[in-house]
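Residue numbers (this note's numbering): 5 to 879.
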């Protein structure tokens with residue numbers, strides 16, 4: 005048979021590429037050709053642009069771009085960061101043995117949400133891929149939406165069913181790298197406004213069927229039914245979403261889901277609802293100013309020592325609890341660590357150095373772990389007895405249900421530890437191909453192969469000495485070359501002494517070279533030793549990874565227990581360092597914090613400079629109206645109340661001298677606003693949209709913290725809106741509300757609202773200077789001191805002076821320009837909270853002079869009729 009020409013092979017390869025590309029049209033296809041991953045046609049154009057590599061072409065004009073296999077990881081990161089998925093197509097047979105074109109297959113598709121690579125994901129945060137079900141014709145169902153979230157790097161699997169209004173909150177909380185959504189009839193996914201952009205992957209709508217999802221879950225976890233997972237019939241939308249997600253991940257990561265933990269259901273009613281606006285305003289995990297350091301609550305409280313603990317404390321912060329008993333269990337554990345300083349220090353010392361068990365074990369179960377990563381697992385397992393010993397000492401001295409539960413869930417994994425200790429070298433290499441992975445003495449066959457490879461010189465020297473003694477030829481020597489292999493060399497002078505079992509191989513000018521059966525057998529062993537060593541080490545290493553995979557559930561349980569211990573001890577460390585106290589969390593309505601502080605600002609400026617304040621909400625005083633000047637700290641007070649509630653309900657101590665609070669179901673914090681040009685919304689429109697969401701979603705158990713409602717429009721419109729919003733929160737919802745405002749007219753609200761009261765942030769005036777005391781006091785205020793703040797900001801002196809003149813004119817005459825108002829303005833039109841002109845209307849003056857206490861009802865009606873007639877005549 006005539007071998008194919010280069011052109012024929014090239015044509016066959018491009019046909020192979022086209023067939024594979026047809027099955028992966030939504031991904032960049034990286035096609036292995038020798039030492040490069042090649043991209044062709046549109047993939048080449050896209051790859052060249054996003055990876056900044058050269059775009060060339062083949063001899064037939066087809067666009068071509070490629071990246072070296074040895075540098076593929078860096079280029080792959082760039083492609084994922086640019087929002088692309090990459091299908092890795094490998095040569096799955098030895099080119100030397102291939103008949104015709106080398107067989108190739110896509111071995112995995114890598115997407116932003118399906119990452120297992122070490123170091124590609126921050127250790128202290130999850131990398132979620134989220135599937136959304138409960139859709140109808142591309143729209144979210146009006147009743148319930150099912151969410152299934154998987155972190156492929158850790159194996160975590162969460163199901164959640166939410167109302168449509170909570171979808172955006174859930175997506176923002178999870179911050180997924182990829183969203184798997186039902187496709188519309190056209191094949192693309194619908195794009196609801198779900199906050200941060202993530203790669204969207206459309207799937208056929210039929211894949212979200214709950215019955216199919218239940219079958220997929222049962223099959224994957226080897227269950228007869230889903231009863232053992234604690235799921236209810238109401239979880240059906242989430243089960244459907246989970247089925248679609250499992251099918252997708254099995255397609256792109258074949259064989260890579262063995263480490264998935266059994267799914268747990270997150271119940272929305274068990275957690276405090278924090279919408280995106282509140283998370284942003286409180287700067288829980290992200291600063292308002294991108295790149296700012298030390299500005300978030302997470303940075304203050306995260307003293308965790310392990311990656312698992314770092315992820316868990318973030319989850320707790322973004323999803324606080326609502327059950328007082330559950331909160332109390334966490335607080336009990338933190339309190340034990342606070343009271344027992346020596347025990348806490350010992351526990352933290354044992355935890356320090358434990359690596360990321362979840363991700364390392366997950367990579368091992370997926371067959372991706374390197375020798376060095378298995379070594380990190382072994383080293384971490386060896387610290388478990390110390391952790392258990394430190395935990396047992398804490399538990400013996402103090403009582404805590406949560407600590408006891410962690411102790412029960414912490415498996416020291418002695419069998420797996422012993423196996424890894426016996427098998428792995430003390431310092432395993434980064435890659436299996438480097439060799440030296442398995443410890444000497446672990447495997448007899450491997451030791452023999454290594455002896456062949458490493459003991460060759462000793463063997464040859466011994467054989468040479470034996471042959472000299474046997475033949476009596478003192479000059480006999482053993483050598484080696486690539487053509488003849490090993491040989492015995494004898495000079496012609498000793499040819500008569502050559503034994504009969506020597507086989508002549510080569511004749512030289514002064515000597516003959518021979519071989520023997522023993523030398524030939526040894527040569528066969530030595531020449532194949534390196535290859536057989538690599539094969540044997542790979543086999544033994546695969547067995548070690550398989551052993552980790554079999555123990556994955558035990559490892560994940562231990563990792564979860566370690567994470568909880570890490571978080572509790574970290575929160576205790578922060579509480580002691582920053583003088584936080586344990587809050588009393590109940591099911592009551594009230595909220596009382598004595599000497600409350602802002603944990604972030606206090607850390608930035610120093611505790612001695614921060615002015616604490618007392619805050620109290622009761623049934624009788626549930627709406628607090630806070631007035632005061634700019635720069636006085638109203639926004640800080642609002643934020644520190646919100647942060648205190650979040651800390652308490654996540655199970656942390658709080659920055660105060662004492663705190664008692666009933667659990668809050670929803671927390672809303674609206675502080676400041678900016679326009680949203682992408683959606684064509686002005687600052688005021690954004691402000692009103694956020695306020696509308698609060699009024700629709702708040703309940704009587706919520707806490708609402710508002711700063712300056714209505715400032716984006718005219719004064720009268722703004723006051724009217726702020727007034728009406730406050731009335732609705734007081735009369736219609738009945739929730740705890742703090743409203744900071746510069747509208748001094750609102751200080752009249754407590755006269756109208758039974759459960760409202762005024763507070764102000766105190767200042768001290770000395771001539772033209774103002775000292776901000778940052779202290780809350782009872783009562784309202786009628787000045788904002790805005791001009792003083794403008795002066796502090798550095799406005800020119802002439803501008804400040806003129807502003808004071810204009811302010812004085814406005815306060816006295818209500819007009820800056822002298823004279824009567826221009827035509828078209830009704831001089832009799834009343835302002836909302838004062839006369840329209842300096843001269844009052846005569847009817848108003850007469851009303852003011854009436855002695856209502858001295859009039860009978862009939863006289864009052866007659867006088868009212870007279871005033872109405874005169875007003876009509878004047879109009």
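Where is the CB? At the ideal position from N, CA and C, for every residue including glycine. Keep in mind it's a predicted model, so treat the numbers as computed, not measured.
Its Cα nearest to that of residue 260, the residue 366 stands out among 243, 240, 366 and 359. With a contact defined as Cβ atoms closer than 8 Å, residue 342 and residue 238 miss out at about 39 Å. According to DSSP, residue 490 shares a beta bridge with 484. Under the three-pair Cβ rule at 8 Å, the region 553-562 does not count as touching the region 300-309. For residue 860, the number of other beta carbons within 10 angstroms of its own is below 16, and it is reported as exposed. The beta carbons of residue 730 and residue 632 sit no closer together than 8 Å.
Fully contained in the region 611-695 are the following alpha helix (DSSP H) runs of length 4 or more, in chain order: 638-654. The C-beta distance from residue 517 to residue 539 rounds to 32 Å, too long to fall under 8 Å, and the pair is not in contact. In chain order, 451 place their CB closer than 8 Å to the CB of residue 445, counting only its own chain and leaving out the 5 sequence neighbours on each side. Residue 386 is not a Cβ neighbour of residue 159, given a cutoff of 8 Å.
In this structure, residue 664 places its C-beta atom within 8 Å of the C-beta atom of residue 596.
A distance below 8 Å between beta-carbons, with the five flanking residues on each side excluded, links residue 534 to the following residues of its chain, in chain order: 457. The criterion of a C-beta distance shorter than 8 Å is not satisfied by residue 171 and residue 185.
Scanning its chain for C-beta atoms nearer than 8 Å, with the 5 sequence neighbours on each side dropped, one finds around residue 262 the residues 369, 370, 553 and 556, in chain order.
When DSSP states are grouped into helix, strand and coil, residue 124 belongs to the coil group. Around the C-beta of residue 810, fewer than 16 other C-beta atoms lie within 10 Å, and the residue is accordingly described as exposed. Beta bridge pairing from DSSP links residue 711 with 675 and 744. Under the Cβ criterion (8 Å, minimum of three pairs), the region 390-409 does not count as touching the region 590-606. The DSSP-derived three-state label of residue 560 is helix. Only residues of its own chain outside the window of five on either side were considered, and among them 374 have a CB closer than 7 Å to the CB of residue 435, listed in chain order. Following the DSSP letters along the chain, one finds residue 136 inside the beta strand (DSSP E) bounded by residues 132-137. Within the same chain, 765, 767, 776 and 778 come within 7 Å of residue 636 by CB-CB distance, once the 5 residues on both sides are set aside. A contact between stretches requires three or more CB pairs, one per stretch, nearer than 8 Å, and the region 124-141 fails this requirement with the region 35-50. Just measuring C-alpha positions, the residue of 333, 437 and 548 sitting nearest residue 423 is 548. For residue 596, the enclosing beta strand (DSSP E) has its first and last residue at 595-600. DSSP, reduced to helix, strand and coil, places residue 213 outside both helices and strands of the structure shown, so it counts as coil. Under DSSP, residue 519 forms a beta bridge with 507. Contact between the region 574-590 and the region 615-623 is absent: fewer than three C-beta pairs spanning the two stretches fall below 8 Å. Sorting 627, 655, 688 and 599 by C-alpha distance to the C-alpha of residue 644 places 599 at the top. Annotated three-state conformation of residue 419 is helix, per DSSP. Membership of residue 322 in the alpha helix (DSSP H) is indicated by the continuous run 311-322. For residue 281, the enclosing alpha helix (DSSP H) stretches over residues 280-286. Only buried fits residue 113, as 16 or more other CB atoms lie within 10 angstroms of its CB. Sorting 701, 355, 87 and 83 by C-alpha distance to the C-alpha of residue 393 places 355 at the top. Of the other Cβ atoms in all chains shown, 16 or more fall within 10 Å of the Cβ of residue 604; this residue is therefore buried. Per the DSSP secondary-structure output, residue 61 pairs in a beta bridge with 67.
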